[in-house]
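Student: Can you read through this structure? Questions will come right after.
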Amino acid sequence: MLRRLAASALAAVTLTACGAPAAAPSGPSGPPVPGGTITIGINSEVSTLDPAANEIAAQATLVVAHALYEPLFTDGPGGALEPRLAESLTSEDLRTWTLSLRPGLTFSDGSPLDAQAVVDHVARLRDPESQCQCAQLAAEITDMAAADATTAEFTLAEPNAGFPRYFTRQLGMIASTTARADDGSPLGAGPYRLESAARGSSLTVVRSEHYQGTPGHADTLVFQFLPDTDSRYQSLASGAVDLAWIDTPNLIAQARGEGRIVAVANASTATAVLNTRTEPFDDIRVRQAVQAAIDREALLAVVDQGQGVVAEGPILSRSPYASGTRHPEFDPERARTLLAEVGEPVSFAYTTDSRPQSMQRATAIQQMLGDVGITMTIDVVDTATWGTRLYDGDFAAIEFVTSAYADTDAVLGIFAPDATGNFGGYANPEVGELVEQGRGSVDEAARREIYAEVAQRVVEDAPVLFFTESPAGFAAAPHIGGMPDLSDRNVISLLPSELWTAR
Amino acid sequence: MRTLLTRAVRALAVIALLGMLTMALPLLLTGDPAVAVLGVEATPEQLAAFTAALNLDASPPERFAHWLGGAVRGDLGTSLVTGAPVTAEIGERLPVTLELLLCGQLLALAITVPVAMRSAWRPGGVVDRISTVLAYLLLSTPAFVLGLALILVLAVGLAVLPATGWAAPDDPVEHLRHLVLPVLTMGLTEAAVLVRVLRADLIATLRTPYILAARSRGLSPWRLLWTRALRPSSFSTVTLVGLGLGLAFGGSVLVETIFAVPGMGRLAASAIEARDFPVIEAVVLLSGVTVVLVGTLVDLVYGVIDPRARHAAAH
Chain W
1 MLRRLAASAL AAVTLTACGA PAAAPSGPSG PPVPGGTITI GINSEVSTLD
51 PAANEIAAQA TLVVAHALYE PLFTDGPGGA LEPRLAESLT SEDLRTWTLS
101 LRPGLTFSDG SPLDAQAVVD HVARLRDPES QCQCAQLAAE ITDMAAADAT
151 TAEFTLAEPN AGFPRYFTRQ LGMIASTTAR ADDGSPLGAG PYRLESAARG
201 SSLTVVRSEH YQGTPGHADT LVFQFLPDTD SRYQSLASGA VDLAWIDTPN
251 LIAQARGEGR IVAVANASTA TAVLNTRTEP FDDIRVRQAV QAAIDREALL
301 AVVDQGQGVV AEGPILSRSP YASGTRHPEF DPERARTLLA EVGEPVSFAY
351 TTDSRPQSMQ RATAIQQMLG DVGITMTIDV VDTATWGTRL YDGDFAAIEF
401 VTSAYADTDA VLGIFAPDAT GNFGGYANPE VGELVEQGRG SVDEAARREI
451 YAEVAQRVVE DAPVLFFTES PAGFAAAPHI GGMPDLSDRN VISLLPSELW
501 TAR
Chain L
1 MRTLLTRAVR ALAVIALLGM LTMALPLLLT GDPAVAVLGV EATPEQLAAF
51 TAALNLDASP PERFAHWLGG AVRGDLGTSL VTGAPVTAEI GERLPVTLEL
101 LLCGQLLALA ITVPVAMRSA WRPGGVVDRI STVLAYLLLS TPAFVLGLAL
151 ILVLAVGLAV LPATGWAAPD DPVEHLRHLV LPVLTMGLTE AAVLVRVLRA
201 DLIATLRTPY ILAARSRGLS PWRLLWTRAL RPSSFSTVTL VGLGLGLAFG
251 GSVLVETIFA VPGMGRLAAS AIEARDFPVI EAVVLLSGVT VVLVGTLVDL
301 VYGVIDPRAR HAAAH
């Protein structure tokens, strides 16, 4: 049944692909037109702009951060970092880092954004009182100071090659600790500044006259909060918005088929975390059996409608560290053999939230496991309960769709035995040591090799099941220019200052 | 006077009970607000600090007393997500929902009364059959399907109205344009129910002897319906409208989500997703109080519609 389902889904995908225009974004021809207003529909409400409140650090809302608080760096092609407000962040030993800012930076009220402002910003987010999701990362900094107006020095507790990437998110969204906008949010130094906020409805930003980089093309950007996936897409179709966030496979296919400009990246990794502390997954053979019984190609075809790629492990296919992890093959026979060795019937509950893709994935996995004799029940909970279960380790298996894998250096850390993000309690001390060794390795080639080893151990121990790298991003109306090609990115980094409207 | 007093006491008792139950919500709902707000990347220290500030350890009656103490001073606490006072959050969302609600109910009544009358006058006639089919079609269409269908036709197809979003009343034209689709969705869904109810009641009324007598005196059909039949037939309709108003005070979650209307429904939905208890508590309690108040009001309206109701209550 499942095979048939997969086959027909594949056929459908092939058909759409034949009829669809090239996937690469193409907008209006000619040079960028300055001026005008661009309206962008995002999926959630932004009630607090302050980077410390995390609301502008999600995949869909990062575009707001890029407008108001241009980060020190953004994620470029193939996982490379592109300097924005920063010129460089370098280190000889990966422990002491020197940050060089572009000279003459100012916040949107004209007050200087110097090295001291960066230090003050990082200190505020590192504070134990801060609600920033970056607090744990920031705590790695043991010492920091401004050496001169454009240079800051950071010292870390341990060497960490992944440190610069911290500055693509909250830590890099330098917010003034003194100057505030009308709504009380701290001022940023991005290409746009806040004009007005309609609570629960939209944010309007206008070009900042104090921005030091290449000014944005559009005069005004409006971010509309459109929570419903379907009506958000219809708003794009009707022209009410110029760009809309899309993260469902059917709408991405539809947008392509309807000739819209699509900028999507395989930025979200669908995984399931297995609880290695308790039965049945404390037994590595059960974990490996489940892993061998799941056909990832079929999940990709059924759940993602063939868009995206199969996930081979914790290092994404487009990571700078990609090294070709050898993920165990789909092999129901091997699964049956492993289960026979265990000798007891295996049953467990799979916790997931109620998004359509999650439900589809869970149902497909349930059937695949049923084929080898594993009984899986599906436990659907709301997002808040899901988060608490994950955090508390209160699950047997739990779906975890995340963008965290975009940062290889950081995410491998969650496989260390005592890491906060090690939700399934995976304990392989060697992996922990390897991660630390890799992060501290100045030689990039050596680091790549060590990370490859970590990834290989992880897929073999199977504390986390990797399914697919799935697409998400923005679709734009045909009159929008400057849409980036995100197909080689790990993060949906859309720079709104590069967008322009032909209307 | 005594009845009024009894009613008031009863209403207060209901509200107090509701208050206790609302304050027990944090105990009943699974999902830790600290994790919901701070995310799974949070450190244990951040979670502990957040939880301590919540005062969730106190018992529901204690928390209700504390909440009530604040409420009488106009302080409903602060949102865990935005850090803004809950009164400010509600103050901005309430007018939006009220406007949507009143316009929706008015539209529903404007459709219901003439259609129900025409149908009841000739049950089984062409108008009655068409309206019956349409009403059942609407009744069996969930609001989110109807809403999307209206978007597809009026916003994407004909491109006469904006698909989603909201405009402040400073720009009256844009404001009204944004109001149309959500009001249509609410009004049509509601009208489907009301037409069925009012039609049935009117048919029953039209069979009573005093209507026959009026008819024999040569009263025109419309006058007869308006002046003689409508009032005694409107009990169930008034009840439903009242209930609808009271219940929808918490906002129509579906309609507000589809059309991205920043009303109480969106506020409630996102507060529940984020386990933003101060906001959830305020929304639940305010909706509860409104249901009780509207219920009392509907009782009073019964007395106006039919004086017998007043006497029955007095005895």
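Protein sequences appear in the order of chains W and L.
Under this note's numbering, the residues of the first sequence are numbered 1 to 503, in order.
Under this note's numbering, the residues of the second sequence are numbered 1 to 315, in order.
Positions of the beta carbon are idealized from the N, C-alpha and C atoms, including for glycine.
These figures come from a predicted structure and were not determined experimentally.
1. For residue 47 of chain W, return the contacting residues in chain L, with the cut-off set at a CB-CB distance below 7 angstroms.
2. For a cutoff of 8 angstroms on Cβ pairs, would you count residue 177 of chain W as touching chain L?
3. My guess is that residue 165 of chain L and residue 178 of chain L are in contact by the Cβ rule of under 8 angstroms, so how many angstroms apart are they, rounded?
4. Classify residue 130 of chain L as buried or exposed, calling it buried when 16 or more other Cβ atoms lie within 10 Å of its own Cβ.
5. Does residue 260 of chain L come within less than 8 angstroms of chain W when only Cβ atoms are used?
6. Is residue 315 of chain L close to chain W, meaning its C-beta is less than 8 angstroms from at least one C-beta of that chain?
7. In chain order, which alpha helix (DSSP H) runs of at least 4 residues are fully inside the stretch 155 to 216 of chain W?
8. Which two residues bound the contiguous beta strand (DSSP E) that contains residue 148 of chain W?
9. If you draw a straight line from the C-alpha of residue 425 of chain W to the C-alpha of residue 277 of chain W, how long is it?
10. Using the beta-carbon of each residue, which ones in chain L are nearer than 8 angstroms to residue 456 of chain W?
11. Of the residues that make up the stretch 125 to 136 of chain W, which ones have a beta carbon closer than 9 angstroms to any beta carbon in chain L?
12. For residue 390 of chain W, go through chain L and note every residue whose CB falls closer than 7 angstroms to its CB, in chain order.
13. Using 10 angstroms around the beta-carbon of residue 491 of chain W, count the other beta-carbons present and answer buried if the total reaches 16, otherwise exposed.
14. Under the assumption that residue 470 of chain W contacts residue 82 of chain L (Cβ atoms under 8 angstroms), give the Cβ distance between them as a whole number of angstroms.
15. With three or more C-beta pairs closer than 8 angstroms as the rule, is the stretch 196 to 212 of chain W touching the stretch 101 to 117 of chain W?
16. Starting from the beta carbon of residue 30 of chain L, find every residue of chain W whose beta carbon is closer than 9 angstroms, and list them in chain order.
17. Would you mind reading off the limits of the alpha helix (DSSP H) that contains residue 144 of chain L?
18. Whose C-beta lies closer than 7 angstroms to the C-beta of residue 400 of chain W among residues of the same chain, with five residues either side of it excluded?
19. Scan the stretch 54 to 79 of chain W and note each continuous alpha helix (DSSP H) run of 4 residues or more that stays entirely inside, going in chain order.
20. Between the C-alpha atoms of residue 118 of chain L and residue 212 of chain L, what's the straight-line distance to the nearest angstrom?
21. Alpha carbons only, please: which of L:244, L:229, L:246 and L:264 is nearest the one belonging to residue 121 of chain L?
22. Could you name the residues that DSSP lists as bridge partners for residue 222 of chain W?
23. Would you say residue 101 of chain W and residue 87 of chain W are within 8 angstroms of each other, going by their C-beta atoms?
24. Applying the 10 Å Cβ sphere with the 16-neighbour rule, what's the burial state of residue 483 of chain W?
25. How do the stretch 90 to 104 of chain W and the stretch 180 to 198 of chain W stand: do at least 3 beta-carbon pairs fall below 8 angstroms, yes or no?
26. Just to make sure I have the definition right: I need the residues of chain W whose C-beta is within less than 9 angstroms of the C-beta of residue 177 of chain L. Which are they?
27. Use the C-beta contact count for residue 370 of chain W: other C-beta atoms within 10 angstroms, 16 or more gives buried, fewer gives exposed.
28. Following the continuous beta strand (DSSP E) through residue 376 of chain W, name the residue where it begins and the one where it ends.
29. Return the CA-CA distance between residue 137 of chain L and residue 146 of chain L, expressed in angstroms with no decimal places.
30. Tell me where the alpha helix (DSSP H) around residue 194 of chain L begins and ends.
31. Taking Cβ positions, are residue 77 of chain L and residue 69 of chain L nearer each other than 8 angstroms?
32. What number of angstroms, rounded off, separates the C-alpha of residue 203 of chain W from the C-alpha of residue 291 of chain W?
33. With a cut-off of 8 angstroms, does the C-beta of residue 477 of chain W fall near any C-beta of chain L?
34. On a Cα-Cα basis, can you pick out the residue from L:282, L:232 and L:308 that is closest to residue 93 of chain L?
35. Would you mind working out which of W:281, W:322, W:362 and W:307 sits nearest residue 338 of chain W, comparing C-alpha positions?
36. Under a three-way DSSP split, which group does residue 277 of chain L fall into?
Tutor: For this structure:
1. For residue 47 of chain W, the chain L residues whose Cβ falls inside 7 angstroms of its Cβ are 81 and 82, in order along the chain.
2. So, not an interface residue.
3. Contact between residue 165 of chain L and residue 178 of chain L holds, since their C-beta atoms are separated by about 6 angstroms, short of 8 angstroms.
4. Residue 130 of chain L is exposed by the Cβ-count criterion.
5. Cβ-Cβ to chain W under 8 angstroms: yes for residue 260 of chain L.
6. Only weak support is given to the placement of residue 315 of chain L: the predicted model assigns it a pLDDT of 49, under 50, and the question is left unresolved by the model.
7. Whole alpha helix (DSSP H) segments, 4+ residues: zero.
8. Judged by DSSP secondary structure, residue 148 of chain W falls within the beta strand (DSSP E) whose first and last residues are 141 to 148.
9. Distance between the alpha carbons of residue 425 of chain W and residue 277 of chain W: 6 angstroms.
10. Those within 8 angstroms of residue 456 of chain W in chain L number zero; the least Cβ separation is about 26 angstroms.
11. If the cut-off is 9 angstroms between Cβ atoms, the stretch 125 to 136 of chain W has 128, 129, 130, 131, 132, 133, 134, 135 and 136 near chain L.
12. Chain-ordered, the chain L residues with CB closer than 7 angstroms to the CB of residue 390 of chain W read 40.
13. Classification of residue 491 of chain W: buried, given that the 10 Å Cβ count is 16 or more.
14. Between residue 82 of chain L and residue 470 of chain W the Cβ distance is about 30 angstroms, and since that is not below 8 angstroms, they are no contact.
15. Yes, since at least three Cβ pairs between the stretch 101 to 117 of chain W and the stretch 196 to 212 of chain W fall closer than 8 angstroms, the two stretches touch.
16. For the C-beta of residue 30 of chain L, the chain W residues within less than 9 angstroms are, from N- to C-terminus, 381, 382, 384, 385, 388 and 389.
17. Where residue 144 of chain L is concerned, the enclosing alpha helix (DSSP H) stretches over 143 to 150.
18. Within the same chain, residue 400 of chain W has close Cβ partners 271, 272, 273 and 390.
19. Contiguous alpha helix (DSSP H) elements confined to the stretch 54 to 79 of chain W occur at 62 to 68, taking only those with 4 or more residues.
20. The alpha-carbon atoms of residue 118 of chain L and residue 212 of chain L are separated by roughly 17 angstroms.
21. With distances taken between Cα atoms, residue 121 of chain L lies closest to L:229.
22. For residue 222 of chain W, which the question treats as bridged, DSSP gives the partners W:39 and W:204.
23. It is a contact, given that the beta carbons lie within the stated cut-off.
24. Buried: at least 16 other Cβ atoms inside 10 Å.
25. Output reads no: the stretch 180 to 198 of chain W does not touch the stretch 90 to 104 of chain W.
26. None at all; the shortest Cβ gap to chain W is about 11 angstroms.
27. Under a 10 Å Cβ-count criterion, residue 370 of chain W is classified as exposed, with fewer than 16 other Cβ atoms of the shown protein chains found around its own Cβ.
28. Residue 376 of chain W: member of the beta strand (DSSP E) spanning 375 to 380, first to last residue.
29. Cα-Cα distance, rounded: 10 angstroms.
30. For residue 194 of chain L, the enclosing alpha helix (DSSP H) starts and ends at 172 to 206.
31. No, the Cβ-Cβ distance between residue 77 of chain L and residue 69 of chain L is not below 8 angstroms.
32. If I take the Cα positions, the gap works out to 45 angstroms.
33. Taking 8 angstroms as the CB threshold, residue 477 of chain W stays off the interface with chain L.
34. Measuring C-alpha to C-alpha distances from residue 93 of chain L to each of L:282, L:232 and L:308 identifies L:282 as the nearest.
35. Measuring from the Cα of residue 338 of chain W, the nearest candidate turns out to be W:281.
36. In the structure shown, the three-state DSSP call for residue 277 of chain L is helix.
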